[in-house]
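Note sheet for the following structure.
Numbering (this note's numbering), first residue to last: 148 to 443.
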């Protein structure tokens, strides 16, 4: 088993198509098939099955995948460790973050770091919290910024601040401009929220459910929508109230497309968390950025 075979296996698992994998790895489709066959011959079991023209992981493939990803990430760490010895506060840092965090204090931290470390290139990409976790876990991003801590044992989660949550409603809602002192004033209102993320103790979906219980509104009608953009549009159209991060609705509030309701019983803050792989290599530059992000 060699690194090319492992890399090919992981690429097929991700893309599910031999032609696309060939393009990504700059190899012909027969070369991709040959690499996979060598790996399967060594392991003695098929890693994929073909279903409707797509390559799907077998049970053995699913068992092998996290170890293959870890092997590729470890190799990348080794390269970066050697590179770090030569360059110090130079090179590149890959940072994956939830898109709405670009409208919080985080962007000021990144700007401050860029001024201090002029020879470091920040490679940014946006994703959902779950996707940020996967990017860091696979070694595709050195650091991640997401909402809530990750429960993955191979990751380290560090506090990087928090963000206020707002109750939003359509323009002209009956409670606009009023302080909702008693939760019963919200009885009968429909709500829009995220479904709780499986295998995670906390998520935006958990927060909404928890706040409704605390406000005595556990019987409220909640429509689960897994897209923040869709939640905002539905709230704007009057289909319900939503509890969302403040940064995600600044433009809509400024434009008057949505209003924020003053509901003390629903006030809460969600944590922003910086994550990195527990066994992963952090360059001097990455350590410096992490220190800035998690400074109290």
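All C-beta atoms, glycine included, are put in the ideal place defined by N, C-alpha and C.
- Taking residue 386 as the centre and dropping the five residues before and after it, the same chain places no C-beta closer than 6 Å to its C-beta.
- Contact check for residue 178 against residue 192 fails: the beta carbons are separated by 8 Å or more.
- Each of 190, 338, 345 and 348 was checked against the Cα of residue 355, and the nearest Cα belongs to 338.
- By the neighbour-count definition (other C-beta atoms within 10 Å, threshold 16), residue 228 is an exposed residue.
- Beta-bridge pairing by DSSP links residue 409 to 326.
- Inclusion of residue 340 and residue 371 in the CB contact set at 8 Å is warranted, their separation being smaller than that value.
- For residue 268, the closest alpha carbon among the candidates 194, 258 and 277 is that of 258.
- Per the C-alpha coordinates, the member of 364, 396 and 366 positioned closest to residue 378 is 396.
- The beta carbon of residue 168 sits closer than 6 Å to the beta carbons of 158, 159, 162 and 179 from its chain, once the five residues preceding and following it are set aside; these are given in chain order.
- Listed in chain order, the non-local C-beta contacts of residue 348 below 7 Å within the same chain comprise 298, local neighbours out to five positions each way being set aside.
- Here the region 234 to 251 makes no contact with the region 197 to 214; the two share fewer than three CB pairs at distances below 8 Å.
- Just measuring C-alpha positions, the residue of 176, 344, 153 and 202 sitting nearest residue 185 is 153.
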